[in-house]
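Counting with my numbering, you get residues 4 to 415 for the letters of the sequence shown.
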Amino acid sequence: MQDATLDQAIVDHKTYGTLDRQHVLFSMLRKDDPVHLTEPSGFRPFWTISKHQDIIEIERQNERFINAPRTKILSIEFENKVREAMAGRPMLVRAINHMDNPEHAKYKKITHAWFQPREVRRLEESIGSLARASVDQMLQKGNECDFYNDVAVWYPLKVIMLILGIPDEHGQRLLDITKAYFGGGDPEMQRGSDLIDATFAYVNFFREVAQERRQNPKDDLASIIATAEVDGKPIGEFETSSYYVALASAGHDTASATLSGGLLALIENPAEMQKLRGNPDLIPLAVEEMVRWVSPVKHFFRTATETYTLRGKTIKQGDNLLLAYPSANRDEDAFERPFAFVADRTPNRHVGFGFGIHACLGMYLAKVEMIAFMRELLSRVGSIDLTGDPAWTETSFVGGLKRLPIRFSRLH
Ligand code: HEM
4 MQDATLDQAI VDHKTYGTLD RQHVLFSMLR KDDPVHLTEP SGFRPFWTIS
54 KHQDIIEIER QNERFINAPR TKILSIEFEN KVREAMAGRP MLVRAINHMD
104 NPEHAKYKKI THAWFQPREV RRLEESIGSL ARASVDQMLQ KGNECDFYND
154 VAVWYPLKVI MLILGIPDEH GQRLLDITKA YFGGGDPEMQ RGSDLIDATF
204 AYVNFFREVA QERRQNPKDD LASIIATAEV DGKPIGEFET SSYYVALASA
254 GHDTASATLS GGLLALIENP AEMQKLRGNP DLIPLAVEEM VRWVSPVKHF
304 FRTATETYTL RGKTIKQGDN LLLAYPSANR DEDAFERPFA FVADRTPNRH
354 VGFGFGIHAC LGMYLAKVEM IAFMRELLSR VGSIDLTGDP AWTETSFVGG
404 LKRLPIRFSR LH
């Protein structure tokens, strides 16, 4: 592939609309140019980092490689639109994934304890009930459904609504906003609204939640954020709604995509599905493998604060680096048989949740929720087969399947 074509493919949402295209592209980069200067037309240049070891090396050095101000692939035209819409600010929301220390630590501290295993364990029963209700809903469909749209998209949303205390009747509105937000370039997902509209819709939705919680604080995460203070002062309106947007967006399609991509992997690898049915204690390992396999977060950027040499390439101060998580998770030097889905893979040092101080804040919650769902599904649903072609969202940022038509039988 010519460099110009390759560079355009890295930023093109369509590349991520088929699993093969994405992995062919990154396998080539890992082999031929793992630290690749990428100069697509219409985008500011950046380095594409495709090796597992390099992503860890960069993420570990969070003072040398910072998150602000560029966090994801956006065209120059779009970046200008954002500045216009935001009175000069370079981003639509500003949450912990856009912050660096010392601010990052202060904002992360607001919710960090809440996301630790001890706290999340308090919710295990409620999450288990949501998992049970989701499988009930699937079984009520008869013996066929579109697993992504009928089941996988709803369950993580219900978990988010549970942790943020959002009433059931707002589910459809929140789902539409999230789809538009993560639809990338995919017309089926965006339904006519763009990222700016979708972000404002998100912010407005959560502004109401924050106002309500300030008036009536409860013992929940939404109230912790609404009443949070940093350096002894309440956090601003923009930072408050950004915090909610970050949690609701980061926690939703990531898990929907992992569950549906994970189920597809089990359908395509019946021996792996059998392993789990024979020994459900392997489900936690299988969930890790699903995150590696699907890698729903396709990238985040970092910016170098000083000149740095990586694999003989000179990265200059101010240069941006794209961390290609799905590529790292198929790296031949980090995993044995990286292109095989191995339900009980150990060790499994994937970077699907990132690494270092910015590693996924909701990682433990995500695992609890996905384990609960898989346990429920595999104990109540028997055979599962495809009835049509699966389809992937065309997005370079976060996403996975957008359609997974299946036929299934109930076990009891
Ligand atoms: C399968 C599910 C999930 C996956 C694969 C995933 C993946 C990721 C990745 C790759 C990052 C960036 C890490 C880095 O920069 O090193 C991240 C950050 C983050 N995730 Fe998740 N995530 C998932 C679920 C969740 C959930 C359920 C929540 C919360 C409700 C959440 C909240 C966050 C937040 C707040 C950040 C920013 C952390 C920071 O910058 O300090 N995620 N996640």
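Cβ atoms here follow ideal geometry from the backbone N, Cα and C, with glycine treated the same way.
Spatial neighbours of residue i in its chain, beta-carbon cut-off 6 Å, leaving aside the 5 residues before and after
| i | result |
| --- | --- |
| residue 12 | 18, 28 |
| residue 195 | Caution is warranted here: a pLDDT of 49 is assigned to residue 195, below 50, making its placement in the model unreliable, and the coordinate value is therefore given only provisionally. Cβ within range, chain order: n/a, list empty. |
| residue 229 | 213, 216, 217 |
| residue 289 | 279, 346 |
| residue 76 | 14, 399 |
| residue 362 | 356 |
| residue 383 | 138, 414 |
| residue 63 | 359 |
| residue 9 | none |
Residues bridged to residue i (per DSSP)
| i | result |
| --- | --- |
| residue 306 | 69, 323 |
| residue 232 | 237 |
| residue 394 | 406 |
| residue 311 | 318 |
| residue 371 | In the DSSP output, where bridge partners are listed per residue, residue 371 has none listed. |
| residue 389 | 409 |
| residue 150 | Partner(s): none; residue 150 has no beta bridge. |
| residue 39 | 51 |
| residue 384 | 413 |
| residue 300 | 401 |
Beta-carbon contacts of residue i that lie in its chain and below 7 Å, excluding the five residues immediately before and after
| i | result |
| --- | --- |
| residue 40 | 48, 50 |
| residue 298 | 328, 329, 332, 355 |
| residue 175 | none |
| residue 117 | 224, 227 |
| residue 425 | Beyond the ends of the chain as shown, which are 4 and 415, falls residue 425; an answer cannot be given. |
| residue 294 | 261, 353, 355, 356 |
| residue 349 | 288 |
Neighbourhood of residue i by C-beta distance below 8 Å, restricted to the same chain and skipping five residues each side
| i | result |
| --- | --- |
| residue 162 | 130, 133, 254, 258, 368, 372 |
| residue 248 | 96, 98, 202, 205, 206, 209 |
| residue 388 | 270, 409, 410, 411 |
| residue 310 | 317, 318, 319, 320 |
| residue 125 | none |
| residue 72 | 93, 94, 101, 306 |
| residue 220 | 226, 229, 230 |
| residue 341 | 332, 333, 334, 335 |
| residue 142 | 383, 384, 413 |
Near the ligand HEM: residue i beta-carbon under 7 Å from a heavy atom
| i | result |
| --- | --- |
| residue 168 | no |
| residue 54 | no |
| residue 111 | yes |
| residue 100 | yes |
| residue 107 | yes |
| residue 29 | no |
| residue 376 | no |
| residue 158 | no |
| residue 202 | no |
| residue 356 | yes |
| residue 292 | no |
| residue 328 | yes |
| residue 264 | no |
| residue 18 | no |
| residue 287 | no |
| residue 227 | no |
| residue 306 | no |
| residue 96 | no |
| residue 335 | no |
| residue 299 | yes |
| residue 361 | yes |
| residue 62 | yes |
| residue 365 | yes |
| residue 258 | yes |
| residue 400 | no |
| residue 321 | no |
Supposed close pair residue i, residue j - CB separation, criterion 8 Å
| i | j | result |
| --- | --- | --- |
| residue 307 | residue 68 | 6 Å |
| residue 154 | residue 148 | 7 Å |
| residue 138 | residue 380 | 6 Å |
| residue 171 | residue 397 | Not a contact, Cβ separation roughly 31 Å. |
| residue 52 | residue 326 | 5 Å |
| residue 146 | residue 360 | Not really, about 47 Å apart at Cβ, beyond 8 Å. |
| residue 177 | residue 166 | That pair is no contact at about 13 Å. |
| residue 407 | residue 285 | Going by Cβ atoms, the distance from residue 407 to residue 285 rounds to 22 Å, so no, they are not a contact pair. |
| residue 324 | residue 61 | 6 Å |
| residue 314 | residue 37 | 6 Å |
### Task
Please confirm if the segment 333-340 is in contact with the segment 101-108, defined as three or more CB-CB distances below 8 Å between the two stretches.
no
### Query
Is the segment 109-125 close to the segment 229-248, with three or more CB pairs under 8 Å?
yes
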